[in-house]
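Student: In this text, residue positions in the sequence shown follow this note's numbering: the first is 2, and each later residue adds one.
C-beta atoms are modelled at their ideal positions from N, C-alpha and C, and glycine is treated no differently.
This is the structure I want to talk about, given as structure tokens.
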Amino acid sequence: MSSHGERSPEAELGLLDATMIGMGAMIGAGIFVLTGLAAEIAGPAAILVFALNGIVTAFTGLSYAELASAIPKSGGGYAFVREVFDDLPSFLMGWMLWFAYMIAGALYALGFAPNFLELLHVYQIVPSPEEVGAVIIPVLEAAVPAGMVLAFVAVFGLVALNAVSTAASGSVETIFTITKVSILVIFVGFGAASPMFSNAEFQPLFRGDGTVFSLLPAMGLTFIAFEGYDLITTVTEEVKNPRVNIPKAIFVSLAATVVVYLAVVGVAIGTLGAAGLAEAGEAGIAQAATSFMPTDLPVIRNGGAIIVFGAVFSTLTALNAVVIASSRVAFSMGRERQLLPSFGNLHYRFGTPFVAIVASAVVMLGSVVLPTKSAGNMSSLFFLLSFIVVNASVIKLRRERPNMNRPYELPYYPIPPILGIVLNLVLTVVLVVYLVRTDPLALLLSAGWIVLGGLAYLGLGAIRRGEGEEQKPERDEATPGGS
Numbered sequence: 002m003s004s005h006g007e008r009s010p011e012a013e014l015g016l017l018d019a020t021m022i023g024m025g026a027m028i029g030a031g032i033f034v035l036t037g038l039a040a041e042i043a044g045p046a047a048i049l050v051f052a053l054n055g056i057v058t059a060f061t062g063l064s065y066a067e068l069a070s071a072i073p074k075s076g077g078g079y080a081f082v083r084e085v086f087d088d089l090p091s092f093l094m095g096w097m098l099w100f101a102y103m104i105a106g107a108l109y110a111l112g113f114a115p116n117f118l119e120l121l122h123v124y125q126i127v128p129s130p131e132e133v134g135a136v137i138i139p140v141l142e143a144a145v146p147a148g149m150v151l152a153f154v155a156v157f158g159l160v161a162l163n164a165v166s167t168a169a170s171g172s173v174e175t176i177f178t179i180t181k182v183s184i185l186v187i188f189v190g191f192g193a194a195s196p197m198f199s200n201a202e203f204q205p206l207f208r209g210d211g212t213v214f215s216l217l218p219a220m221g222l223t224f225i226a227f228e229g230y231d232l233i234t235t236v237t238e239e240v241k242n243p244r245v246n247i248p249k250a251i252f253v254s255l256a257a258t259v260v261v262y263l264a265v266v267g268v269a270i271g272t273l274g275a276a277g278l279a280e281a282g283e284a285g286i287a288q289a290a291t292s293f294m295p296t297d298l299p300v301i302r303n304g305g306a307i308i309v310f311g312a313v314f315s316t317l318t319a320l321n322a323v324v325i326a327s328s329r330v331a332f333s334m335g336r337e338r339q340l341l342p343s344f345g346n347l348h349y350r351f352g353t354p355f356v357a358i359v360a361s362a363v364v365m366l367g368s369v370v371l372p373t374k375s376a377g378n379m380s381s382l383f384f385l386l387s388f389i390v391v392n393a394s395v396i397k398l399r400r401e402r403p404n405m406n407r408p409y410e411l412p413y414y415p416i417p418p419i420l421g422i423v424l425n426l427v428l429t430v431v432l433v434v435y436l437v438r439t440d441p442l443a444l445l446l447s448a449g450w451i452v453l454g455g456l457a458y459l460g461l462g463a464i465r466r467g468e469g470e471e472q473k474p475e476r477d478e479a480t481p482g483g484s
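In structure tokens form, the structure reads like this:
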């Protein structure tokens, strides 16, 4: 039971499930669509872009690990900030994270559709995605693009799975993630053994001014590829032995993802070359696979097809992960009375945050109308801001509660959280400057969501005062500090 008398989630996920949630979210469609973008901006140094982003991410990962071991509550970054900061900052943190996860979910659903159509096209079941027309929906008496229908079907299917069983959604995430990582391992194996790779040319390494600083724009735009390990902390209360397993899952998922990224990017540049990869754009990985993989593979047929397989599984696992994460943030906010209390209730039969899952899905589906580029940039901006606040939370909590039970303590404190703040702040500034020039709509939409959050905060506060509730429920000091 929670400190407020509500039913608490059951711990049904193991270390492997938690790790796969993080890897499933990180190794999403980003590795397929962002590799070409990184090569276009940074050239062969795109490999360093992913390596440096992995280092930047590691500092914040250390902060998440310490906070998760000290505060074993579901809700991820929101739960940590709620424990440390006052009402308004914690609300805005949850409000940003909730929307960022839902935006990401909409993008993954839209990314799933063309990849799934392409997979069907490979086996000559349907025409190419560009030739697939609209689907007549009798209830709506209207024609809806086939891609949009598939996106909605994917969301509805995963929402239904999550609504009835946390264990089932965790098992699906594990199976799908292992499948897509296996596909990428096959890609790397064939690529590294090909004659094209043995003649790879990685010089000149840098573009622009010839220094590592020329990589900053590419780092800012591809940083979202490392967003995902934080999702592990959104299901803390549903993981067995969370004080030990959550930090382990964060470290294993981050390390494995960095290795996979570097191997895939290295093979893609080594076979196609940075210029060829940049020219291919979002299809770069598929084009690289087609160039060196056999054309008579059983079932899968050819290299391009295996990458399409990987893209389908990648978008599904990433979508499932953010369905889990967005609903747990909403659940945590509802339990803390920072959203409607019904969001913080568990279903009497399924034991899942049913209302939070459905509400998150509704907003996620509504987000598909946002311009894709602007939605992705909004998500990146909100995640970078949240990482800054989480690193600050480690420092604040250490100062205010130095004797708190911390089964895992990050090494060399306070260097990692300070570096996490500085590096994420640099990337945030770089991204904002880039958006001012290229996508001001993303900044306007971000500001609009924050303003809407402020209005929601005031409205919910008025409702609570009318009901005679306190703004912040009494904290159970034994929960974060106990065993």
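Since LYS181 and SER315 are thought to touch, with beta carbons under 8 Å apart, how far apart are those beta carbons, to the nearest angstrom?
Tutor: Right, their Cβ atoms sit about 5 Å apart.
Student: Rounded to the nearest angstrom, how far is the Cβ of VAL189 from that of VAL265, given a contact under 8 Å?
Tutor: Confirmed, about 6 Å.
Student: When the Cα atoms are used, what is the spatial distance from LEU217 to ARG465?
Tutor: 45 Å
Student: Contact between the region 229–244 and the region 120–128 is defined here as three or more beta-carbon pairs at a separation below 8 Å; is this criterion met?
Tutor: no
Student: Give the single residue among SER381, ILE270 and LEU35 whose Cα lies nearest to the Cα of LEU446.
Tutor: SER381
Student: With which residues is LEU14 paired in a DSSP beta bridge?
Tutor: VAL240
Student: Alpha carbon to alpha carbon, how far is PHE86 from SER368?
Tutor: 29 Å
Student: Assign TYR349 to one of two classes, buried (16 or more other C-beta atoms within 10 Å of its C-beta) or exposed (fewer than that).
Tutor: Flag for TYR349 reads exposed.
Student: Considering only residues of the same chain and omitting the five flanking positions on each side of GLY6, which have a CB-CB separation below 6 Å?
Tutor: Bear in mind that the predicted position of GLY6 carries a pLDDT of just 43, short of 50, making it too unreliable to give a figure here.
Student: Just checking my contact of ALA322 with GLU174 at CB under 8 Å: how many whole Å lie between their CB atoms?
Tutor: Contact flag correct, Cβ pair sits at about 6 Å.
Student: Taking the continuous alpha helix (DSSP H) assigned at ALA46, which residues delimit it?
Tutor: From DSSP, ALA46 is part of no alpha helix (DSSP H); its letter is neither H nor E.
Student: How far does the alpha helix (DSSP H) with PHE157 in it extend, from its first residue to its last?
Tutor: 147–165
Student: According to DSSP, simplified to helix, strand and coil, what is GLN339?
Tutor: coil
Student: Take the Cβ of ALA463 as the centre, count every other Cβ of all protein chains shown within 10 Å, and call the residue buried at 16 or more, exposed below.
Tutor: exposed
Student: Could you tell me which of ILE389, VAL395, LEU428 and VAL364 sits nearest to GLY106, measuring between CA atoms?
Tutor: VAL364
Student: What's the gap between the Cα of SER327 and the Cα of THR235?
Tutor: 8 Å
Student: Which residue wins for smallest C-alpha separation from LEU120, given the options MET405, ALA168 and ILE308?
Tutor: ILE308
Student: Report, in whole angstroms, the separation of the C-beta atoms of PHE198 and MET294, which I expect to be a contact under 8 Å.
Tutor: At roughly 12 Å, the Cβ-Cβ gap does not stay under 8 Å, so PHE198 and MET294 are not in contact.
Student: Just to confirm, is the Cβ distance from ALA393 to GLY25 under 8 Å?
Tutor: no
Student: Out of SER387, TYR409 and ALA275, which one is the CA nearest neighbour of PHE100?
Tutor: Among SER387, TYR409 and ALA275, the Cα nearest to that of PHE100 is on SER387.
Student: Cβ atoms of ILE325 and ASN521: under 8 Å apart, would you say?
Tutor: What the structure shows of the chain is the stretch from 2 to 484, and residue 521 is not part of that stretch, so it cannot be assessed.
Student: From what residue to what residue does the alpha helix (DSSP H) around GLU410 run?
Tutor: Note, GLU410: premise wrong, no alpha helix (DSSP H); not H, not E.
Student: Just to check my reading of the structure: ALA69 and THR237 have Cβ atoms closer than 8 Å, yes? What is that Cβ distance to the nearest angstrom?
Tutor: 6 Å
Student: Using a Cβ-Cβ cutoff of less than 6 Å, which residues in the same chain neighbour GLY267 once the five nearest sequence positions on both sides are dropped?
Tutor: Result list for GLY267: ILE48, in chain order.
Student: Just to confirm my understanding: we take LEU159, look at its own chain, exclude 5 residues before and 5 after, and list those with CB closer than 7 Å. What are they?
Tutor: Cβ within range, chain order: LEU320, ASN321 and VAL324.
Student: Report the residue from VAL150, ALA71, ASP231 and GLY95 whose alpha carbon sits nearest the alpha carbon of ALA19.
Tutor: ASP231
Student: On a Cα-Cα basis, can you pick out the residue from MET405, ILE389 and LEU456 that is closest to PRO418?
Tutor: ILE389
Student: When DSSP labels each residue in this structure, what does MET1 get in the three-state scheme?
Tutor: Residue 1 lies beyond the residue range present for the chain, which begins at 2 and ends at 484; the question has no answer from this structure.
Student: Using only alpha-carbon positions, find the residue among LEU89, ALA275 and PHE157 that is nearest to ALA360.
Tutor: PHE157
Student: Going by Cα to Cα distance, which pick from ALA194, PRO412 and LEU340 is closest to SER292?
Tutor: ALA194
Student: Please determine, among VAL423, ILE396 and GLU401, the residue with the shortest C-alpha to C-alpha distance to PRO511.
Tutor: Only positions 2 to 484 of the chain appear in this structure, which leaves residue 511 out of reach.
Student: What first and last residue would you give for the alpha helix (DSSP H) that runs through GLY78?
Tutor: 78–85
Student: Verify whether the separation of the beta carbon atoms of ILE422 and LEU93 is less than 8 Å.
Tutor: Taking a C-beta distance under 8 Å as the contact criterion, ILE422 and LEU93 do not qualify as a contact pair.
Student: Where does the unbroken alpha helix (DSSP H) through PHE344 begin, and where does it stop?
Tutor: No alpha helix (DSSP H) contains PHE344, which DSSP labels as neither H nor E.
Student: Alpha carbon to alpha carbon, what distance is there between PHE113 and GLN288?
Tutor: Rounded to whole angstroms, GLN288 to PHE113 spans 19 Å at the Cα level.
Student: With DSSP collapsed to three states, give me the class of THR20.
Tutor: helix
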